[in-house]
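Working notes, structure below.
Numbering (the working numbering), first residue to last: 56 to 244.
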């Protein structure tokens, strides 16, 4: 067809050539626009994936740091357990049997007792009171002595209800404890 047009040029040749060139130009422009818009869609998706990857990578780094911290804490606790076990297994020179303390007992959050804050919890821990059981067994006189020895700012606290609150915590009677604490003011009745 094209060869015939080149051999016999006339008005049809000029019109046909222009039409063909026009159609080819339109097809080229449409193809370019289609590629441009599809490319934009993929660029947006790529940016979204990159943002998701960065978020996941950051989260992964946090998890790795937490795992490292937990591993360090685990190793420290294992060392402490070994040290305490070896100390518990030694016998004193006098031949008396060693009474092992329950050294593996977990610490309780004594701040759950009305009237005990961070500083008072530290004072109690320093005096060997770490659990609700130990607090429930502590005499009020001992608790007052701990506060008195700590200084003037702690003497105003009244530990009169702390042992009874701890007994409720030991028994798991949390609802009863919370209701009672709502009536207390700084641990006082």
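Just so it is clear, CB atoms sit at the ideal spot from N, CA and C, and this is done for glycine as well.
Keep in mind the model is a prediction, meaning the values are calculated, not measured.
query = Should the region 176 to 194 be called in touch with the region 206 to 221, which here means at least 3 C-beta pairs below 8 Å?
reply = Yes, the region 176 to 194 is in contact with the region 206 to 221.
request  = In angstroms with no decimal places, state the Cα-to-Cα distance between residue 112 and residue 124.
outcome  = Cα to Cα, the separation comes out at about 18 Å.
task = Could you pull out every residue in the same chain whose Cβ sits closer than 7 Å to the Cβ of residue 126, ignoring the five residues on either side in sequence?
result = Cβ neighbours of residue 126 beyond the five flanking positions: none.
inquiry  = Using the three-state DSSP reduction, which class does residue 112 fall into: helix, strand or coil?
reply    = Three-state DSSP puts residue 112 in a helix.
query = Should the region 220 to 230 be called in touch with the region 169 to 189, which here means at least 3 C-beta pairs below 8 Å?
reply = Because the criterion of three Cβ pairs below 8 Å is met, the region 220 to 230 and the region 169 to 189 touch.
inquiry  = For residue 87 and residue 99, what's the separation of their Cα atoms in angstroms?
reply    = Computed Cα separation, rounded: 18 Å.
key: Host alpha helix (DSSP H) of residue 186 (start-end)   = No alpha helix (DSSP H) contains residue 186, which DSSP labels as neither H nor E.
message = Helix, strand or coil for residue 166? Go by DSSP, reduced to three states.
response = Helix, per DSSP.
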